[in-house]
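Protein chains in written order, with our numbering: chain A, 83 to 284; chain B, 83 to 284.
Number of protein chains: 2
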Amino acid sequence: MNADTRRKIVVAAMDLFSEKGFQSTSVADILSRTQVHSGSLYHFFPGKQDVLAAVLEAYRDGIEEWLLAPAWSGVEDPVERIFALLNAYRTLLATSDCTYGCPIGSLALELHEPDPAIRDLLAANFENWTQAIHRCLEAAGERLPAALDRRRLAEFVLTVMEGAVMQARTYRDIGYFDRNVAMLREHFDLLIREADREAVAA
Amino acid sequence: MNADTRRKIVVAAMDLFSEKGFQSTSVADILSRTQVHSGSLYHFFPGKQDVLAAVLEAYRDGIEEWLLAPAWSGVEDPVERIFALLNAYRTLLATSDCTYGCPIGSLALELHEPDPAIRDLLAANFENWTQAIHRCLEAAGERLPAALDRRRLAEFVLTVMEGAVMQARTYRDIGYFDRNVAMLREHFDLLIREADREAVAA
DNA sequence: AAGCGACTTGATTGATCGTTCAATCAAGCC
DNA sequence: GGCTTGATTGAACGATCAATCAAGTCGCTT
Numbered sequence: 083m084n085a086d087t088r089r090k091i092v093v094a095a096m097d098l099f100s101e102k103g104f105q106s107t108s109v110a111d112i113l114s115r116t117q118v119h120s121g122s123l124y125h126f127f128p129g130k131q132d133v134l135a136a137v138l139e140a141y142r143d144g145i146e147e148w149l150l151a152p153a154w155s156g157v158e159d160p161v162e163r164i165f166a167l168l169n170a171y172r173t174l175l176a177t178s179d180c181t182y183g184c185p186i187g188s189l190a191l192e193l194h195e196p197d198p199a200i201r202d203l204l205a206a207n208f209e210n211w212t213q214a215i216h217r218c219l220e221a222a223g224e225r226l227p228a229a230l231d232r233r234r235l236a237e238f239v240l241t242v243m244e245g246a247v248m249q250a251r252t253y254r255d256i257g258y259f260d261r262n263v264a265m266l267r268e269h270f271d272l273l274i275r276e277a278d279r280e281a282v283a284a
Numbered sequence: 083m084n085a086d087t088r089r090k091i092v093v094a095a096m097d098l099f100s101e102k103g104f105q106s107t108s109v110a111d112i113l114s115r116t117q118v119h120s121g122s123l124y125h126f127f128p129g130k131q132d133v134l135a136a137v138l139e140a141y142r143d144g145i146e147e148w149l150l151a152p153a154w155s156g157v158e159d160p161v162e163r164i165f166a167l168l169n170a171y172r173t174l175l176a177t178s179d180c181t182y183g184c185p186i187g188s189l190a191l192e193l194h195e196p197d198p199a200i201r202d203l204l205a206a207n208f209e210n211w212t213q214a215i216h217r218c219l220e221a222a223g224e225r226l227p228a229a230l231d232r233r234r235l236a237e238f239v240l241t242v243m244e245g246a247v248m249q250a251r252t253y254r255d256i257g258y259f260d261r262n263v264a265m266l267r268e269h270f271d272l273l274i275r276e277a278d279r280e281a282v283a284a
């Protein structure tokens with residue numbers, strides 16, 4: 083099995099799906115960008131949808147290496163890691179005139195009646211992301227209120243990221259992203275202050 | 083000008099774009115649902131994209147009558163109105179097995195390189211929504227901290243709604259929506275408590 | 001050397017897409 | 001009763017799409 087051709091297809095499809103979405107990307111687009119011919123593509127993938135599945139698997143399996151590790155290099159504080167991750171998305175937006183956001187989120191809303199397999203992969207990507215945040219929140223330990231539901235807050239962080247990206251893209255104005263992240267930061271400040279009061283009371 | 087035919091097209095297109103998205107809805111889909119023939123559609127609209135524009139204008143102009151008024155009937159408290167509006171989206175999700183969310187958000191992420199006219203309409207829809215929340219926050223007066231940037235918080239509410247809808251749809255589990263709204267509620271509780279402390283200190 | 005399986009080539013298929021257009025019709029006006 | 005205008009009909013068009021397939025290439029095994 084010639085893994086190189088397959089990999090070239092997946093990489094090109096990742097880019098194209100991010101740029102234009104799944105439906106607006108034609109198989110011919112993928113072929114012309116990779117210099118692969120249609121027969122080869124269909125040798126490795128039963129259909130276009132299976133290319134999408136491979137793309138989502140690549141995101142899922144590459145989150146540590148391609149997203150978390152770069153975003154967190156040099157950042158040890160678990161709370162700061164959360165905002166460092168958000169800042170990675172900010173960079174993505176800023177360097178693309180607010181057109182690139184979170185590819186998973188875009189696909190999640192673009193596909194209205196996705197295959198169960200595709201939907202599971204989208205959910206798995208969200209799940210990995212949320213769990214990464216969850217680990218940060220666990221690592222923050224007593225800096226956050228004891229009673230705080232850390233899993234919920236992790237889901238909330240994903241929510242804020244996706245909503246902020248959506249608005250920044252729609253308005254083509256990164257200010258919408260920044261202000262939303264600032265609001266989340268203030269929420270964390272409130273939580274940390276609350277934990278401080280708990281510590282004093284104890 | 084026969085406004086009835088035009089209106090039928092826009093109504094059907096609103097439903098179809100919500101169900102299947104813009105690109106997955108064919109002109110033939112709209113025609114078969116409306117019993118209108120293609121020539122009639124193209125008599126009123128230069129093209130499919132202009133149908134989308136009309137749909138977005140209908141959402142923009144109908145937000146008061148079709149979204150805010152129903153959600154707020156019987157709810158006077160401005161803070162409760164915010165969560166009543168969120169609850170309207172919850173109902174939409176719950177009664178559709180978590181497939182229907184916010185149609186504007188879906189379109190905003192589906193269309194990667196939208197016409198400026200379409201993008202402006204998407205932004206105008208977000209803007210109307212945000213301003214409605216903003217008015218509630220202004221009406222809340224001293225119950226919120228004096229220094230609080232109410233416009234920012236209004237944008238944040240939209241962010242949370244869109245992010246929560248996205249996760250609920252992807253996981254096909256309304257729990258994700260509920261937990262995110264609960265987190266926002268806790269944020270408001272923290273803000274209101276902070277305003278209380280301000281009042282006591284004064 | 002022969003055979004085999006993995007992979008590549010690229011023309012081709014048939015379906016579907018958005019859009020066009022000549023025609024017909026109905027209603028109102030001068 | 002001609003003329004205009006607005007609206008409707010539905011067949012047809014060209015483009016584009018995902019997908020197919022027969023032919024060919026290459027490397028590896030026996």
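Backbone N, C-alpha and C fix where the C-beta goes; we use that ideal spot for every residue, glycine too.
Q: May I ask you to list, following chain order, the residues of the region 84-106 of chain B that have a beta carbon less than 8 Å from some beta carbon of chain A?
A: 101, 102, 103, 105, 106
**Prompt:** Of the choices 205(A), 284(A), 192(A), whose alpha-carbon is the least far from that of residue 250(B)?
**Reply:** 205(A)
With three or more beta-carbon pairs closer than 8 Å as the criterion, would you say the region 175-186 of chain A touches the region 229-237 of chain B? no
request  = Could you tell me if residue 237(B) is buried or exposed, where buried requires 16 or more neighbouring beta carbons within 10 angstroms of its beta carbon?
outcome  = buried
Below 6 Å CB to CB, which residues in the same chain sit around residue 126(A) once its five sequence neighbours on both sides are set aside? 88
### Query
Looking at C-beta atoms only, is the number of pairs between the region 215-223 of chain B and the region 142-162 of chain B that lie closer than 8 Å three or more?
yes
* To do: Tell me, to the nearest whole angstrom, how far the beta carbon of residue 133(A) is from that of residue 90(A); I am working on the premise that it is less than 8 Å.
  => So it is not a contact: roughly 12 Å between Cβ atoms.
Neighbourhood of residue 95(A) by C-beta, 6 Å cutoff - its chain only, sequence neighbours within 5 removed:
112, 133, 137
Please list the segments of the alpha helix (DSSP H) lying wholly inside the region 111-189 of chain B, counting only runs of 4 or more residues, in order along the chain.
120-126, 130-144, 151-154, 160-176
Discussion item. Quick check on the DSSP output: the alpha helix (DSSP H) that includes residue 209(A) runs from which residue to which?
Written reply: 198-221
List the residues of chain B whose Cβ lies closer than 9 Å to the Cβ of residue 122(A), in chain order. Near residue 122(A) there are no residues of chain B at all, since even the closest Cβ is about 27 Å away, more than 9 Å.
Considering only the alpha carbon of each residue, which of 267(B), 193(B), 217(B), 246(B) lies closest to residue 99(B)?
193(B)
**OP:** Check the Cβ of residue 204(A) against every Cβ in chain B and list those closer than 8 Å, keeping chain order.
**Re:** 252
In terms of residue numbering, what span does the alpha helix (DSSP H) encompassing residue 257(A) cover? 256-283
From the beta carbon of residue 119(A), is the nearest beta carbon of chain B less than 7 Å away?
no
Please work out which residues of its chain come closer than 6 Å, Cβ to Cβ, to residue 141(B), disregarding the five sequence neighbours upstream and downstream, and give them in chain order.
207
- prompt: Taking C-alpha atoms, which residue in 85(B), 246(B), 196(B) lies nearest to residue 169(B)?
  reply: 246(B)
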